[in-house]
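Taken in sequence, the protein lines are chains A and B. Adding 291 to a residue's 1-based position in the first sequence gives its number in this note's numbering. Adding 291 to a residue's 1-based position in the second sequence gives its number in this note's numbering.
2 protein chains.
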Amino acid sequence: MPQKKPTRPDATPAGRLVEARLHHVMGYQLAQATIATTLVYMREVGDPFELRPVEYTILSLINENPDGSAAQLAQALSVTAPNITMWIDKLEGRGLVQRTRSETDKRAQHLRLTDKGATLVTQATEKLLLGEREAFAHLSEGERTILIELLHKVALTRPARKG
Amino acid sequence: MPQKKPTRPDATPAGRLVEARLHHVMGYQLAQATIATTLVYMREVGDPFELRPVEYTILSLINENPDGSAAQLAQALSVTAPNITMWIDKLEGRGLVQRTRSETDKRAQHLRLTDKGATLVTQATEKLLLGEREAFAHLSEGERTILIELLHKVALTRPARKG
DNA sequence: TATTGTTATACTCTATAACTATA
DNA sequence: TATAGTTATAGAGTATAACAATA
């Protein structure tokens, strides 16, 4: 029988190192958890759709916010303006996103998904949600809900520069 | 009176975009929360100590696991072997880490912090914990504890490749 | 043969500066 | 003057391949 090696609650998930002090640093635990979710993301979406995490998020936000601007995306994702331009260039080049000039403000542009883009992002989200549910099945439905909400609460801190 | 604009529970922390579907993707919420903790990290530790997040974590893990190996660190942080070498090179160059060859296994090396390194990491962790506590004061003590434990639980998924 | 650690190197991603066209 | 978006480019970070030394 494959006896599972017992883990200390303050041990690193991999590498079996002690992390007593570090254990209470939120940024560290976020990074460790992100390693796990990134694995799931790459398997379910990243590799099969050849889509980087940022690209997926950009597509999702455009999908749920038709005719939003690049500036909004840049702020939401904490990505610089030149880089948003680059990512949208790529996505437009793949025929997933459409740019149209705004009529009311000719500097700005409206972003929309093409049918192809919308189909892709819908499939991707479906796979991701199922993949996460399966990978993190050792968390209860309630625990996952609480986790999501607490993360959201942490994220809301952002706008304030100094607390 | 500065009336705070009311936010929808499924809106992005910045950029005011809707994220209804995306809201339940764990990887996305982790990324959003990480933007907030990174801001705190940079202000409290990154900028004043000129220390990248990985560097801080490496120092912390060496501190709590004296005479651990580089391979263990690489695995714990999900960083490739060549890159761990590079980071330790930098930290050793700054006089924060010491490398010594293992006697029992002459391939391996033991990693230790210098006094300077130990002092630095202790100060950094102190500032970080206080900074996070202040920045995320809108979460109760209990909520922060729960968040940490749930993140740890997510991170524990890592070793299993599929399932 | 497998593992620890290293070097060399290419690739991806990100940040900064400078520019345009609008407002 | 400020903002939306772009171009050009440098820098940081990461990954892969190939290697030496040891197990």
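For glycine and all other residues, C-beta sits at the position ideal for the given N, C-alpha and C.
Mapping DSSP to helix, strand and coil, what is residue i?
i                      : result
residue 334 of chain B : helix
residue 329 of chain B : helix
residue 302 of chain B : strand
residue 412 of chain A : helix
residue 388 of chain B : strand
residue 370 of chain B : coil
residue 436 of chain A : helix
residue 447 of chain B : coil
residue 397 of chain B : coil
residue 442 of chain A : helix
Is residue i close to chain B? Criterion is C-beta to C-beta, closer than 9 Å.
i                      : result
residue 307 of chain A : yes
residue 401 of chain A : no
residue 435 of chain A : yes
residue 439 of chain A : yes
residue 432 of chain A : no
residue 331 of chain A : yes
residue 410 of chain A : no
residue 419 of chain A : yes
residue 394 of chain A : no
residue 348 of chain A : yes
residue 292 of chain A : Because residue 292 of chain A sits at a pLDDT of 49, beneath the cut-off of 50, its placement in the model cannot be relied upon, and the following sentence gives the value as read from the coordinates. With 9 Å as the cut-off, residue 292 of chain A does not count as an interface residue toward chain B.
residue 388 of chain A : no
residue 352 of chain A : yes
Using 8 Å for Cβ pairs, my map puts residue i next to residue j. What's the rounded Cβ distance?
i                      : j                      : result
residue 361 of chain B : residue 387 of chain B : About 15 Å separates the two Cβ atoms, so there is no contact after all.
residue 266 of chain A : residue 327 of chain B : Residue 266 of chain A is absent from the model: chain A starts at 292 and stops at 454.
residue 342 of chain A : residue 352 of chain A : Contact doesn't hold; Cβ gap of about 14 Å is too wide.
residue 355 of chain A : residue 313 of chain B : 7 Å
residue 446 of chain B : residue 320 of chain A : 7 Å
residue 368 of chain B : residue 367 of chain A : 28 Å between Cβ atoms; not a contact.
residue 336 of chain B : residue 378 of chain B : That pair is no contact at about 16 Å.
residue 325 of chain B : residue 436 of chain A : About 20 Å; that fails the 8 Å criterion.
residue 439 of chain A : residue 315 of chain B : 6 Å
Per DSSP, which one or two residues make a beta bridge with residue i?
i                      : result
residue 428 of chain B : Its beta-bridge partners do not exist; DSSP assigns none.
residue 359 of chain B : B:402
residue 345 of chain B : Looking at the DSSP assignment, residue 345 of chain B forms no beta bridge with any residue, so it has no partner.
residue 309 of chain B : B:302
Distance cutoff 9 Å, beta carbons only. Does residue i sit that close to anything in chain A?
i                      : result
residue 391 of chain B : no
residue 374 of chain B : no
residue 340 of chain B : no
residue 312 of chain B : yes
residue 444 of chain B : yes
residue 326 of chain B : yes
residue 384 of chain B : no
residue 448 of chain B : yes
residue 453 of chain B : Reliability fails at residue 453 of chain B, whose pLDDT of 29 lies under 50, so the model's placement of it is uncertain and the value that follows must be treated cautiously. Cβ-Cβ to chain A under 9 Å: yes for residue 453 of chain B.
residue 323 of chain B : yes
residue 371 of chain B : no
When burial is assigned at 16 or more other CB atoms within 10 Å of the CB, is residue i buried or exposed?
i                      : result
residue 359 of chain A : buried
residue 317 of chain A : buried
residue 416 of chain A : buried
residue 410 of chain B : exposed
residue 330 of chain A : buried
residue 391 of chain B : exposed
residue 414 of chain A : exposed
residue 421 of chain A : exposed
residue 443 of chain B : buried
residue 433 of chain B : exposed
residue 372 of chain B : exposed
residue 244 of chain A : Absent from the structure is residue 244 of chain A, since the part of chain A shown begins at 292 and ends at 454.
residue 394 of chain A : exposed
residue 348 of chain B : buried
residue 425 of chain A : exposed
residue 408 of chain A : buried
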